[in-house]
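Number of protein chains: 2
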Amino acid sequence: MPPELIAVLIAVSDDRPMVLTLEGGRLLPSGPLEAGHRSLQTGMRLWVEQQTGHVLGHVEQLYTFADAPVDLEPDGRRVSISYLALTRIRRGERGWRDWYAYFPWEDQTAPDGRDLVLRIARALDAWARCAPSAAEGEARRQRVALTFGQEGLGWDDELVLQRYELLWEAGLVPESAPPGAPVLPGLSMARDERRVLATAMARLRAKIRYRPVIFELMPDSFTLLHLQRTVEAVAGQPMHKQNFRRLVAQQGLIEETGEVAPETRGRPARLFRFRREVIGARRIAGSKLPLARPA
Amino acid sequence: MPPELIAVLIAVSDDRPMVLTLEGGRLLPSGPLEAGHRSLQTGMRLWVEQQTGHVLGHVEQLYTFADAPVDLEPDGRRVSISYLALTRIRRGERGWRDWYAYFPWEDQTAPDGRDLVLRIARALDAWARCAPSAAEGEARRQRVALTFGQEGLGWDDELVLQRYELLWEAGLVPESAPPGAPVLPGLSMARDERRVLATAMARLRAKIRYRPVIFELMPDSFTLLHLQRTVEAVAGQPMHKQNFRRLVAQQGLIEETGEVAPETRGRPARLFRFRREVIGARRIAGSKLPLARPA
DNA sequence: ACCTTTATACTCATCTTGAGCATAATTTAG
DNA sequence: CTAAATTATGCTCAAGATGAGTATAAAGGT
C-alpha cells in the first residue's frame, strides 16, 4: 500500500483562519503516492488540484503518521505524509471552514475561548484527581497547568497538539469519549485528520514567529491593522497595536503603496505591500512578531 | 514496498559531534517498516537496536524523503522516514564518525573550516559566472552570499542543508561532480544519506536554541566549559565565555553538584548537573544559548 | 617567586520589549 | 453643526536582554 499524501490548506478570510475540507468538513484533501509522481510534494499538489481545483504556492512538509498495525491485512497499513500549504481563498471555492470550529479553545482573542479554557481546566482537574496513583495525578496536573497555562503559567499558543492529545487522553473529545459521555464543543473529523490539523496549526503558529510566512496569507495590499488581525487570528492571541507597528516597520519587510484603504470608519489607513525582494536578498532574522511567549 | 525507517544518531565525544554509521561510514542504521511494529518510531528503534545494539532515548522525526520514480518497477519506490536521536557513546561502540568528516565546511570554530569556506566561495563565484543567463547568475550569487555568509552577511549555522544542496547543484561534491572533476574535501555516503545527515545537523542546531536538548548529549555532571564546548561543537561556532555562563546560569536549568572537576589544568571548575525536574515543571522558554545569528 | 592556564565576578553601553500617553484624521450620532 | 466615537500614527519610558570587555581567583608547572 503506497503512502497517503495529505494536505492542510490554510487561508485567512475576514480575520478568521480557514482550512479547506472535503466531505462536509470530515476530510482533508489527500491521495496515494503514485508511480508517475515526480516527488512527494508534486504528488500532493496534483491530488489537491484534482480534488479541489486549487493550485498551491508555499508548501512545507509537516509530519508522517502511521496507523496502528492491523493484523488482518499483512501489508495493509496506512502511512500518511502530511503537508502544510498557505494560500488565499478564491471566490466561489467551497469547503473552507474556520479552524476554530474544530478547536474552539484555541481562540484566545475572544472571551468565549477564554471561558472555555476555564471549563476545560476544571474538567481536567477532575481527570487528574481520578488518576490511578498519586504520582500519576500530580503528573497530570502538571501537564494540564503547562499546556493550558494554569497556575500562573501563561498560555503558549504553539501547544495546539499537546492540548488536543491531553483532551483525547482525558476522553473529552468525541474521538475518545465513552459513548454517552459529555464532550467538549468542536467538530471532529474522520480518522486522525483532526490531529493533522492540530499539527498544522502548531507549525504555522511557530513559523510566523521567525519567518515572514504571514504574507502568504495576505492580499497584495493591506493595512497594518489588517496584518495585525491576521497574525492575531493565526496565533489566537491579541497583541499590542503600537508595538506591532513598530516591529513590523523596523523589519523592513513592507513598503507603502501610496494609497489609503477605502472602506474605513475612523482615520483612513495607509496601504502596504510585502517586499518580495527581501526573500533571498537578505537574512530574514524573523518577521518576529510581537507574540512573546508569556514568562 | 514498505517505507524505510532511517536513524541519525548523534553524540558528542571529546568536543566533536559524532554520528553512528554502518558499512565503513557509508550508511545510516535503517530498515523497513514491518507489520509487527507498533509505530514508526518503535520500528525505527528496533532496527537501531538490532543493527547497532544501541538503545535510544530522545528521538524526533526529521523528514520524509522519496527517491525519484523508477519506471522499471511500478511500485518500487523507496520512501524513507528519517529520525534524529540524541544519545551518548558507550564504551567499545564502533561506527561513530565525526560529522565534520562529512561536512568539513560546517566547522567554523577552527581556521581550517573558515579557510575552506573562502575557497568554496571562490569556486561558487566561478559557478555563478558561468550561469546560462545574467539573471540566473545574479540569483546564484545571491544564494551563495546568503548561504555562505559572504558580502557582509554573517554565517548562519542552520543553513547546513541549503549549503549542501548548493554545492550539489554546483557539482562540487562527488555525488554530482562530473567524472574526474575536482571535488571538495569531505566523505560522501550511499544514496542520499548525506542529505539526511545535513537535515539532522540543521535541525539540531536550530533546536539547541530553543529547547534544552543539549543536555541529552552531556554526561551526568559536567563543567560549564565542557557544556560550552559541546554547544560550540554542535553549532560549529565559537562563543563568548562569560556571556555563555551568564545565560546558562539565569536559565536555571542546571545546579551545582558540589564537586569540582578532577583532571584540570588551571583553576579547578565546579561541576554541574542538569535539573531534569524543570522539564515539564515549567515552560522552558529556551535554553536559548548565546548563539545569536549575525545581523 | 613567577608564569601559564582556566574559572568566575562585575561593569558598561546598546538593543529589545512591554506598556502606555498623546495627537491626528476620519465617520457617526445628536 | 458639534460632539463623540473610531481608527491611525508618533513618541516616551522603564526593564530586561545582549555583546564586549576588565578584573580577580585558584590551580599547576618552571
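Chains as they are written, first to last, in the numbering used here: chain A, 494 to 788; chain B, 494 to 788.
Beta carbons: idealized from backbone N, C-alpha and C, even for Gly.
Counted within 10 angstroms of its Cβ, other Cβ atoms place residue i as buried (16 or more) or exposed
{"i": "B:Asp600", "result": "buried"}
{"i": "A:Arg612", "result": "exposed"}
{"i": "A:Gln643", "result": "buried"}
{"i": "B:Gln735", "result": "exposed"}
{"i": "B:Glu497", "result": "buried"}
{"i": "B:Glu631", "result": "exposed"}
{"i": "B:Arg729", "result": "The sequence given here places Gly at residue 729 of chain B; Arg does not occur at that position. Buried is the call here."}
{"i": "B:Arg687", "result": "buried"}
{"i": "A:Pro787", "result": "Reliability fails at A:Pro787, whose pLDDT of 37 lies under 50, so the model's placement of it is uncertain and the value that follows must be treated cautiously. Counting Cβ neighbours within 10 Å, A:Pro787 comes out exposed, since fewer than 16 surround it."}
{"i": "A:Ala726", "result": "buried"}
{"i": "B:Ile772", "result": "exposed"}
{"i": "A:Glu709", "result": "buried"}
{"i": "A:Val548", "result": "exposed"}
{"i": "A:Ser626", "result": "exposed"}
{"i": "A:Met511", "result": "buried"}
{"i": "A:His530", "result": "buried"}
{"i": "A:Met494", "result": "exposed"}
{"i": "A:Asp649", "result": "buried"}
{"i": "A:Thr750", "result": "exposed"}
{"i": "A:Pro522", "result": "buried"}
{"i": "B:Ser780", "result": "Per-residue confidence for B:Ser780 stands at a pLDDT of 49, beneath the threshold of 50, marking its modelled position as unreliable; no derived number is given."}
{"i": "B:Val653", "result": "buried"}
{"i": "B:Ile701", "result": "buried"}
{"i": "A:Gly585", "result": "exposed"}
First and last residue of the uninterrupted beta strand (DSSP E) at residue i
{"i": "B:Tyr556", "result": "552 to 559"}
{"i": "A:Val501", "result": "497 to 506"}
{"i": "A:Val727", "result": "First-last for A:Val727: 717 to 728, but that is the alpha helix (DSSP H), not the beta strand (DSSP E)."}
{"i": "A:Val572", "result": "572 to 579"}
Per DSSP, the bridge partner or partners of residue i
{"i": "A:Trp589", "result": "A:Leu513"}
{"i": "B:Phe767", "result": "B:Ile747"}
{"i": "B:Pro731", "result": "Looking at the DSSP assignment, B:Pro731 forms no beta bridge with any residue, so it has no partner."}
{"i": "A:Leu520", "result": "A:Leu515"}
{"i": "A:Pro525", "result": "A:Glu497"}
Range of the contiguous alpha helix (DSSP H) that encloses residue i
{"i": "A:Glu752", "result": "First-last for A:Glu752: 747 to 753, but that is the beta strand (DSSP E), not the alpha helix (DSSP H)."}
{"i": "A:Gly789", "result": "It is not possible to answer for residue 789 of chain A, since the shown part of chain A is limited to 494 through 788."}
Contact set between residue i and chain A, taken where Cβ atoms lie within less than 9 angstroms
{"i": "B:Arg531", "result": "Ala561, Pro562"}
{"i": "B:Tyr576", "result": "The premise fails here: B:Tyr576 is roughly 10 angstroms from chain A at the closest Cβ pair, so nothing lies under 9 angstroms."}
{"i": "B:Gln554", "result": "Tyr556, Thr557"}
9 angstroms Cβ cut-off: residues of chain B touching residue i
{"i": "A:Val771", "result": "Here the premise fails: no neighbours, minimum Cβ distance about 11 angstroms."}
Amino acids of chain B, ordered along the chain, whose beta-carbon sits closer than 7 angstroms to that of residue i
{"i": "A:Pro496", "result": "Pro496, Val572"}
Runs of alpha helix (DSSP H) wholly within the segment 615 to 686 of chain B (minimum 4 residues, chain order): 627 to 641, 653 to 662
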